[in-house]
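Residue numbers (UniProt numbering), protein chains in the order written: chain R, 1 to 311; chain U, 1 to 311. Even for Gly, the Cβ is constructed at its ideal location relative to N, Cα and C. Since we're looking at a predicted model, the values are computed, not measured. Here's the structure we're looking at; comments come further down.
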């Protein structure tokens, strides 16, 4: 039996998975991400964990098809990270270094792109080869898959949907340095920001006014209870995200758009807002694009990383 | 010696090229596009022209690697046209029909995508594998190439850059039925429209007021003469197009953006307007994206069609 490793390197933990060649997840576990000293321990730690798991399972290098890595930074086609904020690395030839450390075949990709690949393989995008995934978490992550492959691009920065500009009048800065990025309105923090702005506009009664800690979850919980102000906020969010996705669909022509991240826990009610606005503005050829929720949760990264090897 | 045909089917003429396997264009010519009777004669006419050329050159089917077709309509990966406005066809299995007619291998793609492929192979995008091409003609056509291949998408409608929405306040309709499409501002007709709107705003002197037939060419000619009103119009055009391209670059991460079509005859002065605005709004990873003018003119289509075979 042949196996591969799917590994999702995050800023605080590294998620690790051992997969059979047919995609079955055999084992998964986590180790800590040690970012100190410019993150020099990260790849050696991952290598140790892999070797330990192999001896535990009685596997040799001959049984391993390779190791796939998802990394929270741009990653070029050659497996090079030009720079990274979260891990302490600067320029790093991840694929080459990891192949030298392990003596096994390695592929590396950006974590959001890799998660999209995972969702296409085993999750919300199953059965499709053209997909956009948008991850609504603290930020807005994106992954675009064309004909079964991630859009990596020249700098390894393909799929940065969260940093398309949706409001040229915005005066506050996004984390990326720009202004008016999709992330400023459609992430969990962005939705909270929309809610605060709306609540400050007037004094219309809303259960959101009783919330101690306003959040995207509180907004969608209130929507489900029919709260009018919350519905206004969700409508604005849906319009901004739906219109942005319509523009991306005109360029990428996906079969399906998968929505993931913490915000997606609100469930199918999201589509009432996002999909409706999408259809209003979509190019005619894209109007039947499907919407789906992500299904793999935190496992999307390890699954997609494995798929880098099993493609 | 092996050869292939690169064929660009337009609404009024079919451009045809015979290429050596190494990309050298050996011969090119045109035939009329007969769109009457639902365009039933088009593929048989092309077949006849191919057969005539082969006997003229003493070529047999064994010398021909295949026939590439560019078509002014969406074309799926399977070589199917779901529907077309210009040629009279409805649903048409172009690849299969053409293979039956000729007994040779056929590939088909959308004409704008195919032109982009041509520019990457032999024109303004040479040496790159990630490219956006935008063709500023009567409309705004687009082609996106990722890792050397056209973005075709689910419906064969990938790369429809001209129909991304750039102005949600627009009240006039685009030809596609939408409102606020890039095409309404950045095509030759779009630039003329911007110029008319600007001239109607006040009575500031401008050499454009003396033009009998206002056109994109007249606007850029006036820009070159330092006309202030024309510079304002060019600035607005550059902002709309540059900002739209910045958003597409965030998703596709191209190495180069190639500008083609009639408007591109204005030359490098275009970049002063488009590239400047692009850099203002581009995601940081995309700020060094190169800009280039298309180089192949009307031959981009036949070259790209040949490249569908020679890839």
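If you reduce the DSSP assignment to three classes, tell me which class residue i lands in.
i: residue 94 of chain U; result: helix
i: residue 18 of chain R; result: strand
i: residue 65 of chain U; result: strand
i: residue 121 of chain R; result: helix
i: residue 251 of chain U; result: helix
i: residue 292 of chain R; result: strand
i: residue 227 of chain U; result: coil
i: residue 24 of chain U; result: coil
i: residue 166 of chain R; result: coil
i: residue 238 of chain U; result: helix
i: residue 146 of chain U; result: strand
i: residue 80 of chain U; result: coil
i: residue 12 of chain U; result: coil
i: residue 283 of chain U; result: coil
i: residue 108 of chain R; result: strand
i: residue 310 of chain R; result: helix
i: residue 154 of chain U; result: coil
i: residue 1 of chain U; result: coil
i: residue 303 of chain U; result: helix
i: residue 46 of chain U; result: helix
Rounding to the nearest angstrom, what Cα-Cα distance links residue i and residue j in this structure?
i: residue 134 of chain R; j: residue 260 of chain R; result: 6 Å
i: residue 61 of chain R; j: residue 119 of chain R; result: 28 Å
i: residue 162 of chain R; j: residue 174 of chain R; result: 10 Å
i: residue 31 of chain R; j: residue 287 of chain R; result: 43 Å
i: residue 224 of chain R; j: residue 295 of chain R; result: 21 Å
i: residue 278 of chain U; j: residue 46 of chain R; result: 40 Å
i: residue 164 of chain R; j: residue 209 of chain U; result: 37 Å
i: residue 321 of chain U; j: residue 51 of chain U; result: The requested residue 321 of chain U does not occur in the structure, where chain U is confined to residues 1 to 311.
i: residue 21 of chain U; j: residue 220 of chain R; result: 59 Å
i: residue 104 of chain U; j: residue 124 of chain R; result: 40 Å
i: residue 301 of chain U; j: residue 17 of chain R; result: 47 Å
i: residue 54 of chain R; j: residue 5 of chain R; result: 10 Å
i: residue 74 of chain U; j: residue 159 of chain R; result: 23 Å
i: residue 248 of chain R; j: residue 176 of chain R; result: 20 Å
i: residue 90 of chain R; j: residue 307 of chain R; result: 26 Å
i: residue 40 of chain U; j: residue 92 of chain U; result: 10 Å
i: residue 78 of chain U; j: residue 94 of chain U; result: 9 Å
i: residue 298 of chain U; j: residue 11 of chain U; result: 14 Å
i: residue 193 of chain R; j: residue 185 of chain R; result: 7 Å
i: residue 82 of chain U; j: residue 76 of chain U; result: 8 Å
Which residues in chain R have a C-beta closer than 9 Å to the C-beta of residue i? List them in chain order.
i: residue 140 of chain U; result: Those do not exist, as residue 140 of chain U stays about 11 Å from chain R at its closest Cβ, beyond 9 Å.
i: residue 152 of chain U; result: 130, 146, 147, 253
Exposed or buried, residue i, counting other C-beta atoms within 10 Å across all chains shown (16 or more means buried)?
i: residue 13 of chain R; result: exposed
i: residue 329 of chain R; result: No statement about residue 329 of chain R is possible, as the shown extent of chain R runs from 1 to 311 and does not include it.
i: residue 26 of chain R; result: exposed
i: residue 98 of chain U; result: buried
i: residue 269 of chain U; result: exposed
i: residue 216 of chain R; result: buried
i: residue 127 of chain U; result: exposed
i: residue 244 of chain U; result: buried
i: residue 121 of chain U; result: buried
i: residue 130 of chain R; result: buried
i: residue 212 of chain U; result: exposed
i: residue 167 of chain U; result: exposed
i: residue 203 of chain U; result: exposed
i: residue 281 of chain R; result: buried
i: residue 19 of chain R; result: buried
i: residue 267 of chain R; result: exposed
Run through chain U and tell me which residues come within less than 9 Å of residue i, C-beta to C-beta.
i: residue 205 of chain R; result: What residue 205 of chain R touches in chain U: nothing, since even the nearest Cβ is about 30 Å away.
i: residue 248 of chain R; result: 164, 247, 248, 251
i: residue 78 of chain R; result: Simply none; closest approach about 12 Å.
i: residue 173 of chain R; result: Those within 9 Å of residue 173 of chain R in chain U number zero; the least Cβ separation is about 13 Å.
Counting only Cβ pairs nearer than 8 Å, list the residues of chain U close to residue i.
i: residue 243 of chain R; result: 165, 168
i: residue 186 of chain R; result: Residues of chain U passing the Cβ test: none, with the nearest at roughly 14 Å.
i: residue 116 of chain R; result: Under the 8 Å cutoff, chain U gives no residues; its nearest Cβ is about 12 Å from residue 116 of chain R.
By the criterion of Cβ-Cβ separation under 8 Å, what are the contact partners of residue i in chain R?
i: residue 161 of chain U; result: 250, 251
Applying a beta-carbon distance threshold of less than 7 Å, which residues of chain U neighbour residue i?
i: residue 260 of chain R; result: By Cβ distance, chain U contributes nothing, its closest Cβ being about 17 Å from residue 260 of chain R, past 7 Å.
i: residue 176 of chain R; result: 283, 284
i: residue 74 of chain R; result: 285
i: residue 112 of chain R; result: Within 7 Å Cβ-Cβ: nothing; residue 112 of chain R doesn't reach chain U, min ~12 Å.
For a contact meaning CB atoms closer than 7 Å, what does residue i contact in chain R?
i: residue 105 of chain U; result: Result: empty, since nearest Cβ-Cβ is about 20 Å, beyond 7 Å.
ask   = Are there three or more Cβ pairs, one per stretch, closer than 8 Å when the segment 58 to 75 of chain U is compared with the segment 104 to 113 of chain U?
value = Cβ pair count under 8 Å is three or more, so yes.
(Q) Pairs of beta-carbons, one from the segment 150 to 160 of chain R and one from the segment 188 to 206 of chain R, closer than 8 Å: are there three or more? (A) Between the segment 150 to 160 of chain R and the segment 188 to 206 of chain R there are fewer than three C-beta pairs closer than 8 Å, too few to call the two in contact.
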